[in-house]
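Enquirer:
Residue numbers (this note's numbering): 32 to 186.
#1: Which runs of the alpha helix (DSSP H), 4 residues or longer, sit entirely within the segment 39-70?
#2: Does the Cβ of residue 114 lie closer than 7 Å to at least one heavy atom of the ligand GDP?
#3: Taking Cβ to Cβ, would you say residue 75 is nearer than 8 Å to residue 116?
#4: Please state whether the Cβ-Cβ distance between residue 62 and residue 144 is less than 8 Å.
#5: Whole-angstrom Cβ separation of residue 58 and residue 147, contact assumed at under 8 Å?
#6: Can you tell me where the beta strand (DSSP E) with residue 146 in it begins and where it stops?
#7: Leaving aside the five residues before and after residue 161 along the sequence, list all residues of the same chain whose C-beta is less than 6 Å from its C-beta, in chain order.
#8: If you draw a straight line from the C-alpha of residue 121 to the C-alpha of residue 67, how long is it?
#9: Tell me the start and end of each unbroken beta strand (DSSP E) in the segment 97-138 that is at least 3 residues and wholly inside, in chain order.
#10: Note down the Cα distance separating residue 170 from residue 102, rounded to an integer number of angstroms.
#11: State the DSSP-derived secondary structure class of residue 184, mapped to helix, strand or coil.
#12: If we ignore side chains and look at the alpha-carbon of each, how far apart do residue 36 and residue 124 end up?
#13: Could you compute how far the alpha carbon of residue 114 sits from the alpha carbon of residue 178?
#14: So, residue 105 versus residue 82, is the Cβ gap smaller than 8 Å?
#15: Can you check whether the CB of residue 150 is closer than 8 Å to the CB of residue 45?
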């Protein structure tokens with residue numbers, strides 16, 4: 032299960048959110064933030080998931096990802112075992128020119144950070160970027176959620 036995605040900063044949130052199709056509140060904590068094997072617990076709109084991610088490719092666009100839905104009560108029981116720092120965000124599904132962008136608006140200590148991700152079928156797939164997309168941060172480890180949870184906003 033290889034995940035291929037690119038990640039961007041969002042510089043015009045108002046324009047971006049004009050096309051929201053769905054919003055999901057997300058809370059996630061990390062059992063391991065080792066870049067070779069990140070393990071997280073995610074609660075998204077009353078559903079819970081255990082996810083394991085492997086090391087990213089050299090350009091940051093792809094990596095192994097295994098995700099399994101688990102009972103909400105089990106996820107809540109695991110949260111106290113998580114490392115310090117957690118992520119709270121709202122994920123907005125924004126479709127532009129038949130492309131799904133998942134736009135994360137972070138809260139708490141990460142308030143002000145807005146990232147857009149797009150999953151791809153291949154690393155060569157072309158993307159038609161909307162005007163509200165800013166700088167690409169694919170492969171910049173400072174923008175990995177596990178890094179954000181542990182270290183806060185990039186400097």
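We put the CB at the ideal spot given by N, CA and C, even for glycine.
Expert: Let me spell this out:
#1: 44-48
#2: The model depicted lacks the ligand GDP and carries no ligand whatsoever.
#3: By one-based count along the chain shown, residue 75 stands at place 44. By one-based count along the chain shown, residue 116 stands at place 85. Against a cut-off of 8 Å, the Cβ pair of residue 116 and residue 75 comes out as no contact.
#4: Here residue 62 corresponds to residue number 31 of the chain shown, with the count starting at 1. Here residue 144 corresponds to residue number 113 of the chain shown, with the count starting at 1. For residue 62 and residue 144, no; Cβs fall outside 8 Å.
#5: Position 27 of the chain shown, counted from the start, is the residue given in the question as residue 58. Position 116 of the chain shown, counted from the start, is the residue given in the question as residue 147. Cβ atoms of residue 58 and residue 147 stay farther apart than 8 Å, at about 20 Å.
#6: Your numbering for residue 146 matches position 115 in the chain shown. Segment 145-150, the beta strand (DSSP E) holding residue 146.
#7: Taking the chain shown and counting its residues from 1, the one referred to as residue 161 is at position 130. These residues qualify, in order along the chain: 127.
#8: For the purposes of this step, residue 121 is taken as residue 90 along the chain shown, with counting starting at 1. For the purposes of this step, residue 67 is taken as residue 36 along the chain shown, with counting starting at 1. If you take the alpha carbons of residue 121 and residue 67, they lie about 27 Å apart.
#9: 117-127, 130-137, all fully within the segment 97-138.
#10: Along the chain shown, read from residue 1 onward, the residue named residue 170 stands at position 139. Along the chain shown, read from residue 1 onward, the residue named residue 102 stands at position 71. One C-alpha to the other measures close to 32 Å.
#11: The residue labelled residue 184 in the question sits at position 153 within the chain shown. DSSP places residue 184 in coil when its eight states are reduced to three.
#12: In the chain shown, the residue the question calls residue 36 occupies position 5. In the chain shown, the residue the question calls residue 124 occupies position 93. Straight-line spacing of the CA atoms in residue 36 and residue 124 works out to 15 Å.
#13: Numbered from 1 along the chain shown, position 83 holds the residue referred to as residue 114. Numbered from 1 along the chain shown, position 147 holds the residue referred to as residue 178. Approximately 11 Å, taken between the alpha carbons.
#14: Sequence index remark: in the chain shown, residue 105 carries index 74 (1-based). Sequence index remark: in the chain shown, residue 82 carries index 51 (1-based). No.
#15: On the chain shown, position 14 is the one that residue 45 refers to. On the chain shown, position 119 is the one that residue 150 refers to. Their beta carbons are not under 8 Å apart, which means residue 45 does not touch residue 150 by this criterion.
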